[in-house]
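Every position in the sequence shown, counted from 1, becomes a number in the numbering used here once 145 is added. Note that CB positions come from ideal geometry on N, CA and C, so glycine has one too. Note that the structure is predicted; figures quoted are calculated from it, not measured. Right, one structure below, let's go through it.
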Amino acid sequence: MKRNARRKAILVAAVAAVALGAAGSGCLWGREEHAPGRFCAQSNTSVVEHCVDASEGPGSAWSKAEEDGELPIQMWAFGPNGVMSDELAANEAELRAWFDNIDRAVAYVRDEEKNAESLRATLHGRLLGLLSQSRQRQEAILEKEPVRAADNFRQAMTDKASAEEEPLVAALAADKQAMAVVQAIFEQARSDAAPLQSTYAGVAARFAAYRATEAAETAAYAALSEQASRSGIDGLDGAAEAVLAAAREASRAPNELAAEIMTLAAELQALAVSFDEAIAPHNEVLATHGAVVPDMTSGALRSLSAMLGYAQRRVARSDATATALIGGIALRRQALGVLEGDEGAREAIARSRIERASEVFGEGARARVEALSAAPPVSEKLGLPLLAERCGALVALVQMRPLCEAAGSSWREVGCAALRGRLDAAEAELRTGLPRKIAAGLAALREKGMAAAVLDAVQARLDAGDVKDAAIAYDAAVRGAEGT
Numbered sequence: 146m147k148r149n150a151r152r153k154a155i156l157v158a159a160v161a162a163v164a165l166g167a168a169g170s171g172c173l174w175g176r177e178e179h180a181p182g183r184f185c186a187q188s189n190t191s192v193v194e195h196c197v198d199a200s201e202g203p204g205s206a207w208s209k210a211e212e213d214g215e216l217p218i219q220m221w222a223f224g225p226n227g228v229m230s231d232e233l234a235a236n237e238a239e240l241r242a243w244f245d246n247i248d249r250a251v252a253y254v255r256d257e258e259k260n261a262e263s264l265r266a267t268l269h270g271r272l273l274g275l276l277s278q279s280r281q282r283q284e285a286i287l288e289k290e291p292v293r294a295a296d297n298f299r300q301a302m303t304d305k306a307s308a309e310e311e312p313l314v315a316a317l318a319a320d321k322q323a324m325a326v327v328q329a330i331f332e333q334a335r336s337d338a339a340p341l342q343s344t345y346a347g348v349a350a351r352f353a354a355y356r357a358t359e360a361a362e363t364a365a366y367a368a369l370s371e372q373a374s375r376s377g378i379d380g381l382d383g384a385a386e387a388v389l390a391a392a393r394e395a396s397r398a399p400n401e402l403a404a405e406i407m408t409l410a411a412e413l414q415a416l417a418v419s420f421d422e423a424i425a426p427h428n429e430v431l432a433t434h435g436a437v438v439p440d441m442t443s444g445a446l447r448s449l450s451a452m453l454g455y456a457q458r459r460v461a462r463s464d465a466t467a468t469a470l471i472g473g474i475a476l477r478r479q480a481l482g483v484l485e486g487d488e489g490a491r492e493a494i495a496r497s498r499i500e501r502a503s504e505v506f507g508e509g510a511r512a513r514v515e516a517l518s519a520a521p522p523v524s525e526k527l528g529l530p531l532l533a534e535r536c537g538a539l540v541a542l543v544q545m546r547p548l549c550e551a552a553g554s555s556w557r558e559v560g561c562a563a564l565r566g567r568l569d570a571a572e573a574e575l576r577t578g579l580p581r582k583i584a585a586g587l588a589a590l591r592e593k594g595m596a597a598a599v600l601d602a603v604q605a606r607l608d609a610g611d612v613k614d615a616a617i618a619y620d621a622a623v624r625g626a627e628g629t
């Protein structure tokens, strides 16, 4: 009889400790010294339970579970001696230690990870099973004793579960309300975008129809060109007017389309700005749920930009073609006028044009000679010669040798006379002079510590006889060494 009375006293003391809660005054473990036991965690997509000693903290178990699978992750805790036992139910210290670990596990999920789904999984998962199991064992023990402490224990379990459940309910309610606001923003954006989507479909259809006319437009210009080439002086005015009419018609449709495209693009950009401003306060909620903010405009804007670019380029080609045809008609008018004049007038015109051509060629030749007479420019910091421009001038001069040696070069004679004295020197400089200067510049750059790979690439071009590319790469190396 005395033994039963002593057992009842121990059990009542244990239940009273539970009712007070592990964080109450008089806890055996302070905040700087955690209770013994184990923390366990398991991800939603894994069957493996990851348990660590309580000294490592709940975060260690969480990390192992997170590496093994995906959210949500449920956590639970074991007391110093593992699962619930009759001895644990009668041991106030171990019972408090277990509840302290439960508090730490739940607090970690709620306050550190701040993941509502994982908190729900924790409170309704293995931890709930352990608490239920412990309650059943307590009830089984108390049924054998004439002590009504089971009600106190059940109330303690209920109070503890309620205390942990209330933040979850509040978090889920706030979460649900926030997502409802986000959904309303999405719906409003879709509603605002609906008429623009219809407009875009119309623009795309008109663009496709316009693009299909390119071949016909090109064929029309070709026909006008052939017509003008066969027209006499009396028919050239009509040919010119037909070309201008074709150019105006070729510009009308794309100009109207371009106006539609630019208007629609402006409306889409305004919609995107409005949506971004509305959704910005909810980005954290979206990130918590792994939701991606939909992009409703950038694809359409890129497509519209491509349409506009095509229309602008095609109008530019049309205008250039029309301008060339009008110029050709003007030249044909002049040629037909000359043919209709007397022989003396035709000869005078021919002499005038030959003299002008000779004068222009002579001026260009003298300019080339003067440019090559000057020393090449040097870099600002290292004082090394920059040779790419000079190399290009030398190549252009050497390429003119056949023109000055041709039998029919009489009208070029004035210019060729100035060039002939420089042709041999230009070839020699290209063959030996420039390569030596480039090699000397590379040696100077190596002494300055420039990257060998860049200089080796220049040397490889020089060794291959590609002096022009070597000069270009050398100039780039010099400017790179100076940071310009």
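Handout entry: Distance CB(leucine 453)-CB(isoleucine 406) smaller than 8 Å
Key = Yes; because the gap between Cβ atoms is below 8 Å, this pair is in contact.
Handout entry: Cα-Cα separation, arginine 271 to aspartate 256
Key = Arginine 271 and aspartate 256: Cα-Cα distance of roughly 20 Å.
Exercise for the section: Could you please give the first and the last residue of the uninterrupted alpha helix (DSSP H) stretch that includes arginine 624? Expected result: Unbroken alpha helix (DSSP H) run through arginine 624: 612-627.
Problem - Counted within 10 angstroms of its Cβ, other Cβ atoms place proline 547 as buried (16 or more) or exposed - result: It is exposed - the Cβ of proline 547 has fewer than 16 other Cβ atoms within 10 Å.
Problem - When Ala385, Pro399 and Ala353 are compared against alanine 368, the one with the closest alpha-carbon - result: Nearest in C-alpha terms to alanine 368, of all of Ala385, Pro399 and Ala353, is Ala385.
Practice task
Output the distance between the C-alpha atoms of glycine 202 and glutamate 262, rounded to the nearest integer angstrom.
Solution key: Distance from the CA atom of glycine 202 to the CA atom of glutamate 262, rounded to whole angstroms, is 21 Å.
Practice task
In angstroms with no decimal places, state the Cα-to-Cα distance between arginine 622 and alanine 605.
Solution key: Checking the sequence shown, residue 622 turns out to be alanine, not arginine. Roughly 14 Å between the two C-alpha positions.
Problem - Counterpart residues of aspartate 256 in DSSP-defined beta bridges - result: Beta-bridge pairing links aspartate 256 to no other residue.
Problem - Euclidean distance between Cα positions of leucine 416 and alanine 350 - result: One C-alpha to the other measures close to 22 Å.
Handout entry: Cβ pair leucine 539, cysteine 549 closer than 8 Å
Key = Cβ atoms of leucine 539 and cysteine 549: not closer than 8 Å.
Practice task
Please say whether alanine 391 and alanine 354 have beta carbons closer to each other than 8 Å?
Solution key: No, Cβ-Cβ distance for alanine 354 and alanine 391 is not below 8 Å.
Handout entry: Beta-carbon spacing of isoleucine 218, asparagine 189 below 8 Å
Key = Against a cut-off of 8 Å, the Cβ pair of asparagine 189 and isoleucine 218 comes out as a contact.
Exercise for the section: Can you grab the Cα-Cα spacing for the pair aspartate 620 / valine 559, in whole Å? Expected result: As the crow flies, the alpha-carbon of aspartate 620 is around 35 Å from that of valine 559.
Problem - Cβ separation of arginine 250 and alanine 222, assumed to be a contact under 8 Å, to the nearest whole Å - result: In the sequence on display, residue 250 carries alanine and not arginine. Between alanine 222 and alanine 250 the Cβ distance is about 5 Å, and since that is below 8 Å, they are a contact.
Problem - Neighbour-count burial assignment, valine 254, 16 or more Cβ in a 10 Å radius - result: Looking at its Cβ environment, which holds 16 or more other Cβ atoms inside 10 Å, valine 254 is buried.
Problem - Contiguous alpha helix (DSSP H) assignments of at least 4 residues, all confined to the stretch 553-612 - result: With a minimum length of 4 residues, the continuous alpha helix (DSSP H) runs that stay inside the stretch 553-612 are 558-573, 579-592 and 597-608.
Practice task
Give me the Cα-Cα distance between glutamine 328 and arginine 356, rounded to the nearest whole angstrom.
Solution key: Glutamine 328 and arginine 356 have their alpha carbons spaced roughly 40 Å apart.
Handout entry: According to DSSP, residues forming a beta bridge with glycine 214
Key = None, per the DSSP bridge assignment.
Practice task
In the DSSP assignment, find the unbroken beta strand (DSSP E) run with alanine 186 in it and report its ends.
Solution key: Here the beta strand (DSSP E) through alanine 186 covers 183-188.
Exercise for the section: Could you check what DSSP says for valine 460 in three-state terms: helix, strand or coil? Expected result: Looking at valine 460 - three-state DSSP - the assignment turns out to be helix.
Exercise for the section: Can you have a look at glycine 472 and say buried or exposed, based on whether 16 or more other CB atoms are within 10 angstroms of its CB? Expected result: Counting Cβ neighbours within 10 Å, glycine 472 comes out exposed, since fewer than 16 surround it.
Handout entry: Check: arginine 496 C-beta below 7 Å from any heavy atom of the ligand FMN
Key = Of the ligands one can find in the structure shown there are none, so the ligand FMN has no counterpart to examine.
Exercise for the section: Kindly give me the distance between the Cβ atoms of tryptophan 207 and glycine 224, rounded to whole angstroms, as I take these residues to be in contact under 8 Å. Expected result: A Cβ-Cβ distance of about 19 Å is found for the pair tryptophan 207 and glycine 224, leaving them out of contact under the 8 Å criterion.
Exercise for the section: Return the CA-CA distance between glutamate 627 and glutamate 258, expressed in angstroms with no decimal places. Expected result: Between glutamate 627 and glutamate 258, the C-alpha separation is close to 52 Å.
Problem - Three-pair Cβ contact test at 8 Å for the stretch 580-599 versus the stretch 516-536 - result: By the Cβ rule, the stretch 580-599 counts as touching the stretch 516-536, because three or more pairs are nearer than 8 Å.
Exercise for the section: Answer with buried or exposed for glutamine 283, where buried requires no fewer than 16 other C-beta atoms within 10 angstroms of its C-beta. Expected result: With 16 or more Cβ atoms within 10 Å of its Cβ, glutamine 283 is classed as buried.
Handout entry: Counted within 10 angstroms of its Cβ, other Cβ atoms place leucine 476 as buried (16 or more) or exposed
Key = That one is exposed.
Problem - Straight-line Cα distance separating valine 612 from alanine 589 - result: CA-CA distance, alanine 589 to valine 612, rounds to 19 Å.
Exercise for the section: Would you mind reading off the limits of the beta strand (DSSP E) that contains valine 418? Expected result: Counting along the chain, valine 418 falls outside any beta strand (DSSP E), though it belongs to the alpha helix (DSSP H) covering 378-424.
Problem - Contact between the stretch 393-410 and the stretch 490-510 (3+ Cβ pairs under 8 Å) - result: The stretch 393-410, when compared against the stretch 490-510, does not touch it at the 8 Å Cβ threshold.
Problem - proline 530 - DSSP class collapsed to helix/strand/coil - result: In the three-state reduction of the DSSP assignment, proline 530 falls in the strand class, which pools E and B.
Handout entry: Host alpha helix (DSSP H) of glutamate 201 (start-end)
Key = Note, glutamate 201: premise wrong, no alpha helix (DSSP H); not H, not E.
Problem - Cβ-Cβ distance between valine 197 and serine 191 below 8 Å - result: No, these two residues do not count as a Cβ contact at 8 Å.
Exercise for the section: Indicate the three-state DSSP secondary structure (helix, strand or coil) for alanine 519 in the structure shown. Expected result: Alanine 519 falls in the coil class under three-state DSSP.
Handout entry: Straight-line gap, arginine 265 to methionine 220 (C-alpha atoms, nearest Å)
Key = Arginine 265 and methionine 220: Cα-Cα distance of roughly 10 Å.
Handout entry: Length of the line joining the Cα atoms of glutamine 342 and threonine 442
Key = So the alpha carbons of these two residues sit roughly 10 Å apart.
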